[in-house]
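Going by my numbering, the sequence shown opens with residue 1, and the numbers climb by one from there.
All C-beta atoms in this analysis are idealised placements derived from N, C-alpha and C, irrespective of residue type, glycine included.
Computed from a predicted structure; not experimentally measured.
Comments concern the structure below.
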Amino acid sequence: LVKIQTITNTYFNANTYLLKSSTNDTDCYLIDIGNFAGVMNELENNQSIKGVFITHAHYDHISGIKEITTRFPECIVYCSQYTKEALANSKINLSFYLQKPTVFVSEKIRVVKEQDRIALFANHFVEVWETQGHNAGCLSFKIDQAIFTGDTLIPNLAVVTKLKSGSKEEAKKSVFRIQSKVSSNDIIYPGHGKSIEATKINWGFYK
Numbered sequence: 001l002v003k004i005q006t007i008t009n010t011y012f013n014a015n016t017y018l019l020k021s022s023t024n025d026t027d028c029y030l031i032d033i034g035n036f037a038g039v040m041n042e043l044e045n046n047q048s049i050k051g052v053f054i055t056h057a058h059y060d061h062i063s064g065i066k067e068i069t070t071r072f073p074e075c076i077v078y079c080s081q082y083t084k085e086a087l088a089n090s091k092i093n094l095s096f097y098l099q100k101p102t103v104f105v106s107e108k109i110r111v112v113k114e115q116d117r118i119a120l121f122a123n124h125f126v127e128v129w130e131t132q133g134h135n136a137g138c139l140s141f142k143i144d145q146a147i148f149t150g151d152t153l154i155p156n157l158a159v160v161t162k163l164k165s166g167s168k169e170e171a172k173k174s175v176f177r178i179q180s181k182v183s184s185n186d187i188i189y190p191g192h193g194k195s196i197e198a199t200k201i202n203w204g205f206y207k
């Protein structure tokens, strides 16, 4: 069983998700890293972050990336090619405009793409979906019944597409692609706001 803890960056109201295993006491993973201090508060002394899966490179979802990879040098950063480029450019990742210019270049970045499967804990894998629209590098991640959608799908809110490389057309496609892939027991964990059962989402809102 994968245990999911939600850690919110209250300044941006952005979610970081901490994944722990019921069978592996030490290895933990993150979906996004917008709250380094919050993550550290939730880790036991013997636990470390082995990997961070980045949904997209906007600053509210990556603000703690340097701190987490400095604290845990073995931590792998999984992201799309576009996100890798955005991490290295403070204007594309928007940190420049928030007076917090962040540039992250690392040998620990692993570019992932559609249908990649990355092993986490025993018998648990991360499945990668390319879900562009909010920006060109957006990924969603499925682990068991949990789907982490970043800002591609925030239930009952229109997808923001006015930022660099955003596309209304792609955003709509991605939302309905997610809908076509979910099953009745799946739970959506968005980049902002609360998790929700996939069956309770008003998909018609996005038509």
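Nearest-angstrom beta carbon gap, residue j and residue i [assumed within contact, 8 Å]
i: Glu127; j: Lys142; result: 4 Å
i: Ile118; j: Val112; result: 7 Å
i: Thr149; j: Ile178; result: 6 Å
i: Ile187; j: Ile201; result: About 10 Å separates the two Cβ atoms, so there is no contact after all.
Of the listed residues the options, nearest to residue i (C-alpha basis)
i: Gln145; options: His124, Ile33, Phe53 and Ser22; result: His124
i: His192; options: Phe12, Lys3 and Gln5; result: Phe12
i: Gly137; options: Ala198, Thr83, Lys200 and Lys113; result: Thr83
i: Phe104; options: Ile65, Glu74 and Asp116; result: Ile65
i: Leu30; options: Thr8, Leu87 and Leu98; result: Thr8
i: Pro190; options: Asn15, Thr69 and Leu94; result: Asn15
i: Leu163; options: Leu98, Ile92 and Leu153; result: Ile92
i: Ile20; options: Ala122, Ile154 and Ser184; result: With the sequence shown as reference, residue 20 is identified as Lys, and Ile is not the correct amino acid for it. Ranking Ala122, Ile154 and Ser184 by Cα distance to Lys20 puts Ala122 first.
i: Gly204; options: Asn156, Leu94 and Asp151; result: Asn156
Element boundaries [alpha helix (DSSP H), containing residue i]
i: Gly38; result: Phe36 to Glu42
i: Asp60; result: Tyr59 to Ile62
Test item: CB-CB of residue i and residue j under 9 Å
i: Thr102; j: Ser63; result: yes
i: Gln132; j: Ala171; result: yes
i: Leu43; j: Leu18; result: yes
i: Asp60; j: Gly34; result: yes
i: Phe53; j: Cys79; result: yes
i: Phe36; j: Lys50; result: no
i: Asn135; j: Ala198; result: no
i: Ile147; j: Val175; result: no
i: Leu120; j: Thr55; result: no
i: Thr26; j: Asn46; result: yes
i: Val77; j: Lys100; result: no
i: Glu67; j: Ser48; result: no
Beta carbon proximity, residue i to chain C, threshold 9 Å
i: Arg110; result: In summary, chain C is missing from the structure at hand, where a single protein chain is found.
First through last residue of the beta strand (DSSP E) which encompasses residue i
i: Ile118; result: Arg117 to Ala119
i: Gln5; result: Val2 to Asn9
i: Ser106; result: Looking at the DSSP string, Ser106 is not in any beta strand (DSSP E), and its letter there is neither H nor E.
i: Lys20; result: Ala14 to Ser21
Entirely within the stretch 72 to 101 and at least 3 residues each: give me those beta strand (DSSP E) ranges in chain order. 76 to 79
What runs of the beta strand (DSSP E), each 3 residues or longer, lie entirely inside the stretch 148 to 198? 187 to 190
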